[in-house]
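Participant:
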Amino acid sequence: METKHRLRMAWLVATVAAIVSAPVAADPIADFYTGKTMKIIVGSAPGGGYDTYARTTARHLRRFIPGTPNIIVQNRPGAGSINAANFVYAIAPQDGTIIAAIQRSAPILQIMGDKGPKFEATKFQWLGSLNSDAGALYVWHTAKVQSFEDAFKTPVYFGSSGPNDTEFYPALANNLLGTKFALIKGYKSAPMIRIAMERSEVEGISQTWASVKAGHPTWVPEGKIKPLVQVSLKPVADLTKMGVPMMMDFVTRKYVLPQYPVEDARAYFKLMLTGKTLSRPYALGPKVPKGRVAFMRKAFMSMAADLKFIADAKKEQREVAPVSGEEMQQVMAELAATPKNVLGNVKELIKFKGITKQAKIHLEKVTSKVTKIQRKGRAMLFMHKGKEIKTKISGSRTKITIDGKKVKRSQVKVGMTCTFSMPKIGAESTNVDCK
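Numbering that gives the first Met the number 0 puts the first residue of the sequence shown at 0, with every later residue one more than the last.
Pasting the structure below:
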């Protein structure tokens, strides 16, 4: 009996020891992302819709990733987001730590065969889109053109930060319908164009309607702007209530130029407008492991449905109507399957061929002492006309000098006297020159 008892005890001890010493099943996602710093590469300048959505995403997405990695935003504007897309696709680490937040026009340009993109839209691994936006062509209240019909008779100057929506839809309207939109090129972002509108440097802009309402929520109720036409496949409630027509309402024999069949013209517009349903796209590079892609897609959609995220976006005047990564992948495949002759025609039709001028960027200059520095120099505050003003400082776009020597933003200290140059008081500084 004693021998059997000893054997039982030995077996029990061995079993417990085996259970205690057995390794806990590893979580490969948590193991990878713990301690990591992720980056969202935004293909637009600070202050616009793409940038705002990305910064809101950076604040919340980490909550849905095991290991809660730090997430930062880096702006990489240029060529309508093609620079950023090329970087994430071919240069950035392909490990799931780098996310592209690019303009919706970038993949469309690649599909149409543009030479700038060094990526394939169908090989990006799409996480999803945060909204399905409608666009609008609108003008300042003092513009001579106050309806889309007027644009067939009178030239109207729109600002451009292209190649993107600011150029594509005025070009399509001119080339297919015969309108007389003209462009003033050279602006870095839509917010800069809106500043130029206030100064009467340009008369209008083509852009996402949600960005208009977010950037200047008082413009419509105060009658500062006049929407000419909706750029969307589906009508927007508030624009429709204002009596603003749809772009497709004009794609009829009455308006389409005689050399184009109406059916072809409708196909060209539809191709471009389909891309707008994926208006705030996010993607991982083509070689990121499939397991991480699948997880990040779930995390992205969980964040998009989260009440805290939605409330934060609402504070920024941004709507959330997500489209899944799987849906985006399918739409990209369908767009890429469009007949080459149609793609080739659209590629030519979105090239602006009308009157163009180069923008003369006006900068406000304020010389004052630095009162505060925030986020390691990413924002600086100074006094101007009795008020404390905050300006963003970019590590790549803002040129900073101290006593004439180029320095990093971290070298600017509170109490220094600096001259801040910016397109508008409170906007991002282009130059900071300190003593």
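By construction, the Cβ of each residue, glycine as well, lies at the ideal position given by its N, Cα and C atoms.
For the segment 57-77 against the segment 33-43, are there 3 or more C-beta pairs whose distance is under 8 Å?
Facilitator: yes
Participant: For I349, which residues does DSSP report across the bridge?
Facilitator: Here residue 349 refers to the residue found at position 350 when the sequence shown is read from its first residue. Bridge partners of I349: none, in fact.
Participant: From which residue to which residue does the alpha helix (DSSP H) around V261 run?
Facilitator: Locating residue 261 in the sequence shown gives position 262, where the first residue counts as 1. Its alpha helix (DSSP H) spans residues 261-274.
Participant: List the whole-angstrom C-beta distance separating L136 from V250, where the pair is believed to meet the contact cut-off of C-beta under 8 Å.
Facilitator: Here residue 136 is taken as the residue at index 137 of the sequence shown, counted from 1. Here residue 250 is taken as the residue at index 251 of the sequence shown, counted from 1. Not confirmed; about 15 Å, so no contact.
Participant: Measuring only the C-alpha atoms, how far is S323 from D50?
Facilitator: Within the sequence shown, residue 323 is the residue found at index 324, counting from 1. Within the sequence shown, residue 50 is the residue found at index 51, counting from 1. If I take the Cα positions, the gap works out to 20 Å.
Participant: Could you check where the alpha helix (DSSP H) with V292 kicks off and where it finishes?
Facilitator: Residue 292 sits at position 293 when you count from the first residue of the sequence shown. 289-303 is the extent of the alpha helix (DSSP H) around V292.
Participant: Assess contact between the segment 75-94 and the segment 106-122, defined as three or more Cβ pairs (one per stretch) separated by less than 8 Å. Is contact present?
Facilitator: Contact holds: three or more Cβ-Cβ distances are below 8 Å.
Participant: How would you label I90, buried or exposed, when you count the other beta carbons within 10 angstroms and need 16 or more for buried?
Facilitator: Numbered from 1 along the sequence shown, position 91 holds the residue referred to as residue 90. The residue is exposed, with fewer than 16 neighbouring Cβ atoms inside 10 Å.
Participant: Secondary structure at D26, three-state DSSP: helix, strand or coil?
Facilitator: Stepping through the sequence shown from its first residue, residue 26 is reached at position 27. Three-state DSSP puts D26 in coil, outside helix and strand.
Participant: Where does G414 sit, in a helix, a strand or coil, going by DSSP?
Facilitator: As a working mapping, residue 414 is identified with position 415 in the sequence shown. In the three-state scheme derived from DSSP, where H, G and I count as helix and E and B as strand, G414 is classed as coil.
Participant: Hey, quick one: how far does the beta strand (DSSP E) through Y156 stretch, first residue to last?
Facilitator: Start at 1 with the first residue of the sequence shown, and residue 156 comes out as number 157. Boundaries of the beta strand (DSSP E) harbouring Y156: 155-159, taken from the DSSP string.
Participant: Should the segment 345-353 be called in touch with the segment 167-176, which here means at least 3 C-beta pairs below 8 Å?
Facilitator: Segments in contact, yes.
Participant: What residues match up with H383 in a beta bridge as DSSP calls it?
Facilitator: Translated into positions along the sequence shown, residue 383 becomes position 384. For H383, which the question treats as bridged, DSSP gives the partners K386.
Participant: Mapping the DSSP letters down to three states, classify L176 as helix, strand or coil.
Facilitator: Translated into the one-based positions of the sequence shown, residue 176 becomes position 177. The answer is helix: DSSP assigns L176 an H, G or I state.
Participant: Pull the bridge partners of I71 from the DSSP assignment, please.
Facilitator: Taking the sequence shown and counting its residues from 1, the one referred to as residue 71 is at position 72. Note: I71 sits in a beta bridge opposite K38.
Participant: Do the segment 104-112 and the segment 196-214 meet, that is, are 3 or more Cβ pairs less than 8 Å apart?
Facilitator: Counting Cβ pairs under 8 Å, fewer than three are found: no touch.
Participant: Which same chain residues, not among the five before or five after L272, have their C-beta less than 6 Å away from its C-beta?
Facilitator: By one-based count along the sequence shown, residue 272 stands at place 273. Within the same chain, L272 has close Cβ partners L232.
Participant: So E197 packs on Y156, CB below 8 Å; how close in whole Å?
Facilitator: The residue labelled residue 197 in the question sits at position 198 within the sequence shown. The residue labelled residue 156 in the question sits at position 157 within the sequence shown. Wrong, their Cβ atoms sit about 14 Å apart, outside the cutoff.
Participant: Could you give the DSSP three-state label for Y186: helix, strand or coil?
Facilitator: Mapped onto the sequence shown, residue 186 falls at position 187. Coil, per DSSP.
Participant: Looking only at its chain, what residues have a beta carbon closer than 7 Å to the beta carbon of S435, apart from the 5 residues adjacent to it on each side?
Facilitator: There is simply no residue 435 to check, as the chain begins at 0 and stops at 434 in what is shown.
Participant: Could you tell me which of P285, T390, A358 sits nearest to G95, measuring between CA atoms?
Facilitator: Stepping through the sequence shown from its first residue, residue 95 is reached at position 96. It is P285.
Participant: Using the DSSP secondary-structure output, state which residues sit across from D432 in a beta bridge.
Facilitator: Position 433 of the sequence shown, counted from the start, is the residue given in the question as residue 432. Beta-bridge pairing links D432 to T400, T418.
Participant: Roughly how many angstroms separate the alpha carbons of I107 and R265, rounded to a whole number?
Facilitator: Here residue 107 refers to the residue found at position 108 of the sequence shown. Here residue 265 refers to the residue found at position 266 of the sequence shown. Going by the C-alpha atoms only, they are around 17 Å apart.
Participant: On the three-state DSSP scale, how would you describe M438?
Facilitator: With the chain running from 0 to 434 in the structure shown, residue 438 is simply not present.
Participant: Of the residues G353, P260, K386, which one's Cα is nearest the Cα of G153?
Facilitator: The residue given as residue 153 occupies position 154 in the sequence shown. Here residue 153 is Thr; the residue named in the question, Gly, does not match the sequence. Nearest of G353, P260, K386 to T153, Cα basis: G353.
Participant: Which word fits A312, buried or exposed, when buried means at least 16 other C-beta atoms lie within 10 angstroms of its C-beta?
Facilitator: The residue labelled residue 312 in the question sits at position 313 within the sequence shown. The residue is buried, with at least 16 neighbouring Cβ atoms inside 10 Å.
Participant: Considering only the beta carbon of each residue, do M415 and K398 sit closer than 8 Å?
Facilitator: Translated into positions along the sequence shown, residue 415 becomes position 416. Translated into positions along the sequence shown, residue 398 becomes position 399. No, they are not a contact pair.
Participant: Going by Cα to Cα distance, which pick from C417, P234, T276, A99 is closest to D248?
Facilitator: Position 249 of the sequence shown, counted from the first residue, corresponds to residue 248. Out of C417, P234, T276, A99, P234 has the C-alpha closest to the C-alpha of D248.
Participant: Between G158 and I204, which are expected to be in contact by the criterion C-beta below 8 Å, what is the C-beta distance as a whole number of angstroms?
Facilitator: Start at 1 with the first residue of the sequence shown, and residue 158 comes out as number 159. Start at 1 with the first residue of the sequence shown, and residue 204 comes out as number 205. Correct: roughly 5 Å between the Cβ atoms.
Participant: Are T370 and A426 close, meaning C-beta to C-beta below 8 Å?
Facilitator: Looking up residue 370 in the sequence shown gives position 371. Looking up residue 426 in the sequence shown gives position 427. No, the pair does not count as a contact, with Cβ atoms beyond the cut-off.
Participant: Going straight from the alpha carbon of G134 to that of Q328, what length do you get?
Facilitator: On the sequence shown, position 135 is the one that residue 134 refers to. On the sequence shown, position 329 is the one that residue 328 refers to. Straight-line Cα distance between these residues: approximately 22 Å.
Participant: Note down the Cα distance separating R61 from R317, rounded to an integer number of angstroms.
Facilitator: For the purposes of this step, residue 61 is taken as the residue at position 62 of the sequence shown. For the purposes of this step, residue 317 is taken as the residue at position 318 of the sequence shown. One C-alpha to the other measures close to 20 Å.
Participant: Span of the beta strand (DSSP E) holding V228?
Facilitator: Along the sequence shown, one-based indexing puts residue 228 at 229. V228 -> beta strand (DSSP E) spans 224-230.
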